[in-house]
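To start, the structure itself, in structure tokens.
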Amino acid sequence: MPLEAGRYPVLPLRDIVVFPHMIVPLFVGREKSVRALEEVMNDDKQIMLFAQNEAGEENPTPDDLYEMG
Numbered sequence: 003m004p005l006e007a008g009r010y011p012v013l014p015l016r017d018i019v020v021f022p023h024m025i026v027p028l029f030v031g032r033e034k035s036v037r038a039l040e041e042v043m044n045d046d047k048q049i050m051l052f053a054q055n056e057a058g059e060e061n062p063t064p065d066d067l068y069e070m071g
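One point on numbering: in this note's numbering, the residue at position 14 of the sequence shown is 16, and numbering is uninterrupted.
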């Protein structure tokens, strides 16, 4: 299912890279991550997953996320 243009919640991932159609357990602890998942479960169920450059970063910004793969 291709994404339409718009805004999507972002879930930064530590120590894992997720590829399309993969099924993986997501263990989240940060409050922002929990809220992002709750939002998609109550709405259209689409979220953007990004791997973090540094797993130890507690409050990643867009600059702390890989742009691809």
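Ideal Cβ placement from N, Cα and C applies to all residues, glycine included.
Looking only at DSSP bridge pairs, what is residue i linked to?
| i | result |
| --- | --- |
| M50 | V12 |
Taking 7 Å as the limit between beta carbons, can you name the residues of its chain near residue i, skipping five residues before and five after?
| i | result |
| --- | --- |
| F8 | Phe is not the amino acid found at residue 8; the sequence shown has Gly there. Closer than 7 Å at the Cβ level, and outside the excluded window around G8, lies no residue. |
| Y68 | F52, A53, N55 |
| M43 | none |
With a threshold of 6 Å on Cβ separation, who are the neighbours of residue i within its own chain once the five nearest residues in sequence on each side are excluded?
| i | result |
| --- | --- |
| A38 | P11, L13 |
| M50 | Y10, V12 |
| P62 | P14, Q54 |
| S35 | L13 |
Mapping DSSP to helix, strand and coil, what is residue i?
| i | result |
| --- | --- |
| L28 | coil |
| D7 | Looking at the sequence itself, residue 7 is Ala, so the reference to Asp does not match. Note: A7 maps to coil in three-state DSSP. |
For my contact list, residue i and residue j are in at a C-beta cut-off of 8 Å; report their separation, rounded to the angstrom.
| i | j | result |
| --- | --- | --- |
| I18 | V30 | Contact flag wrong, Cβ pair sits at about 12 Å. |
| R32 | A57 | Rounded, the Cβ-Cβ distance is 12 Å, inconsistent with contact. |
Along the alpha helix (DSSP H) that carries residue i, what are the first and last residues, could you check?
| i | result |
| --- | --- |
| L67 | L67 -> no alpha helix (DSSP H), and no H or E assigned at all. |
| E41 | 33 to 44 |
Near residue i, which residues of its chain fall below 8 Å by C-beta distance, leaving aside the five closest residues on each side in sequence?
| i | result |
| --- | --- |
| D66 | P14, Q54, N55, E56, E59 |
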